[in-house]
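Take the sequence shown: its position 257, counted from the start at 1, is 319 in our numbering, and no numbers get skipped.
Comments concern the structure below.
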Amino acid sequence: MTVRGLIQLAVDQFTDSDTAKLDAQLLLGDVLGRDRTWLMTWDDVDVSEADQHQFQALVARRARGEPIAHILGYREFWGLSFECNASTLIPRPETELLVEKALQLGLPAKARVLDLGTGTGAIALALASEKPDWQITATDFSNEALALARRNQINLGIDNVELVKSDWFSAIQPQRQFHLVVSNPPYVDPGSPYLNKGDVRFEPRSALTAENAGLADIEQIATIAAGYLQPNGWLMVEHGYEQAGPVAEIFRRSGFSAISNHKDLAGWPRVTAGKIA
Ligand SMILES: C[S@@+](CC[C@H](N)C(=O)[O-])C[C@H]1O[C@@H](n2cnc3c(N)ncnc32)[C@H](O)[C@@H]1O
Numbered sequence: 063m064t065v066r067g068l069i070q071l072a073v074d075q076f077t078d079s080d081t082a083k084l085d086a087q088l089l090l091g092d093v094l095g096r097d098r099t100w101l102m103t104w105d106d107v108d109v110s111e112a113d114q115h116q117f118q119a120l121v122a123r124r125a126r127g128e129p130i131a132h133i134l135g136y137r138e139f140w141g142l143s144f145e146c147n148a149s150t151l152i153p154r155p156e157t158e159l160l161v162e163k164a165l166q167l168g169l170p171a172k173a174r175v176l177d178l179g180t181g182t183g184a185i186a187l188a189l190a191s192e193k194p195d196w197q198i199t200a201t202d203f204s205n206e207a208l209a210l211a212r213r214n215q216i217n218l219g220i221d222n223v224e225l226v227k228s229d230w231f232s233a234i235q236p237q238r239q240f241h242l243v244v245s246n247p248p249y250v251d252p253g254s255p256y257l258n259k260g261d262v263r264f265e266p267r268s269a270l271t272a273e274n275a276g277l278a279d280i281e282q283i284a285t286i287a288a289g290y291l292q293p294n295g296w297l298m299v300e301h302g303y304e305q306a307g308p309v310a311e312i313f314r315r316s317g318f319s320a321i322s323n324h325k326d327l328a329g330w331p332r333v334t335a336g337k338i339a
């Protein structure tokens with residue numbers, strides 16, 4: 063069978079995916095060790111029996127709903143390759159907005175930054191890749207997620223990130239003062255129907271949901287963050303597209319000013335930042 067035939071065979075089975083063709087190309091590309099451009103250019107090439115079998119096994123997993131990032135074992139974020147597994151969230155493209163806005167804050171050359179709930183290490187390691195002189199502390203309460211972040215740190219050759227096991231701020235010494243606290247915390251309402259669809263079914267609830275309509279963790283972080291920030295330090299969080307209003311209110315109540323909101327490429331407000339006096 064040809065490359066084109068195999069892609070079509072897979073697309074026909076990926077009825078629940080919005081990205082069926084891309085999924086098929088990523089899986090076949092992985093089996094053949096080729097990129098998408100090669101697959102599109104050489105779509106009439108015959109694929110060996112052994113590679114067809116290997117591809118069909120991956121297609122069967124995807125057809126059952128398993129995320130591409132779990133099947134391949136990695137996901138690209140900020141142009142870097144992150145190992146992924148079921149211990150935490152697969153890095154999302156919208157989180158790149160938070161990285162971009164954090165880099166635009168104009169922090170000092172040797173800024174101290176805290177990333178809460180680092181998961182794969184996506185935010186901390188992306189920031190560190192851009193700012194080798196920043197001192198970044200990245201936390202998670204999951205041992206498995208921290209081990210994953212550590213492997214990603216090693217694979218990416220990044221040495222200015224310190225990984226710490228912590229339930230939000232619990233293991234961060236109170237005298238430490240950061241220029242920036244960032245977080246992409248759990249923010250989905252536990253009753254949301256979104257949890258029964260697509261990739262999120264394979265991600266841990268501990269990485270996704272928070273009480274109080276998804277706002278409980280953001281509220282906890284904002285309330286405590288003020289005490290860990292330098293004068294004029296920043297807090298920046300990702301949140302759901304309908305949460306910009308309540309998050310701004312939480313920031314105000316927690317003592318933040320200069321509160322701004324940033325929209326993702328689809329035009330949804332997804333990142334809120336605020337400054338402490
Ligand atoms: C939405 S995921 C974000 C992961 C990563 N920062 C990213 O943007 O892809 C939230 C992360 O917060 C962690 N987490 C949840 N509750 C936590 C808590 N109380 N303390 C520390 N980390 C927590 C989860 O284990 C998960 O890795």
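Think of the CB as a built atom: it goes at the ideal place given N, C-alpha and C, for glycine as much as any other residue.
Quick caveat, the model's predicted, so the values are computed rather than measured.
Residues L225 of the same chain have their beta carbon placed closer than 7 Å to that of R212, with the five preceding and five following residues left out of the count. Annotation: R263 to I152 spans about 12 Å, alpha carbon to alpha carbon.
The segment 261–281 makes contact with the segment 141–151, as at least three CB pairs between them are under 8 Å.
The alpha carbon of D78 has as its nearest neighbour, out of V161, A125, W104 and V107, the alpha carbon of A125. Per DSSP, L327 has no beta bridge partner at all. Listed as beta-bridge partners of F240 by DSSP are L291.
Looking from the CA of S143, the closest CA among K337, S228 and L210 belongs to L210. No heavy atom of ligand 1 is found nearer than 7 Å to the CB of A209. In the three-state reduction of the DSSP assignment, F203 falls in the coil class, being assigned neither a helical nor a strand state.
For A335, the pairing in a beta bridge is given by DSSP as M298 and S322. When DSSP states are grouped into helix, strand and coil, D261 belongs to the helix group. Take the alpha-carbon of F313 and the one of N274: they are about 16 Å apart. Look at the segment 142–228 and you find these whole runs of beta strand (DSSP E), each 3 residues long or longer: 142–145, 174–178, 197–202 and 223–227. In the DSSP assignment, F139 falls outside any alpha helix (DSSP H) and lies within the beta strand (DSSP E) extending over Y136 to F139.
Your pair A164 and M298 checks out as a contact, with CB atoms roughly 6 Å apart and the cut at 8 Å.
Shortest gap from the CB of P252 to any heavy atom of ligand 1: 7 Å or more.
Of the heavy atoms belonging to ligand 1, at least one sits nearer than 7 Å to the Cβ of T182.
With a cutoff of 7 Å, L218 does not count as near ligand 1, since its C-beta is closer than that to no heavy atom of the ligand. In the structure shown, the three-state DSSP call for T103 is helix. A distance below 8 Å separates the beta carbons of P247 and D279. Boundaries cannot be given for I234, as no alpha helix (DSSP H) includes it and DSSP labels it neither H nor E.
In the structure shown, T285 adopts helical secondary structure according to DSSP, grouped into three states. Excluding sequence positions up to five before and after Y290, its CB lies within less than 6 Å of the CB of F240, all in the same chain and listed in chain order. Bridge pairing for T81: absent [DSSP].
Three or more beta-carbon pairs separated by less than 8 Å are not found between the segment 100–119 and the segment 174–184, which leaves the two stretches without contact. Straight-line measurement puts the Cα of L71 at about 16 Å from the Cα of G127. Y256 counts as exposed, since fewer than 16 other C-beta atoms from the protein chains shown sit within 10 angstroms of its C-beta. In the DSSP secondary-structure assignment, V250 is bridged to T271. The three-state reading of DSSP puts D97 in coil, since its state is none of H, G, I, E or B.
Within the same chain, and ignoring the five residues on either side of F231 in sequence, the residues whose Cβ sits closer than 6 Å to its Cβ are I286.
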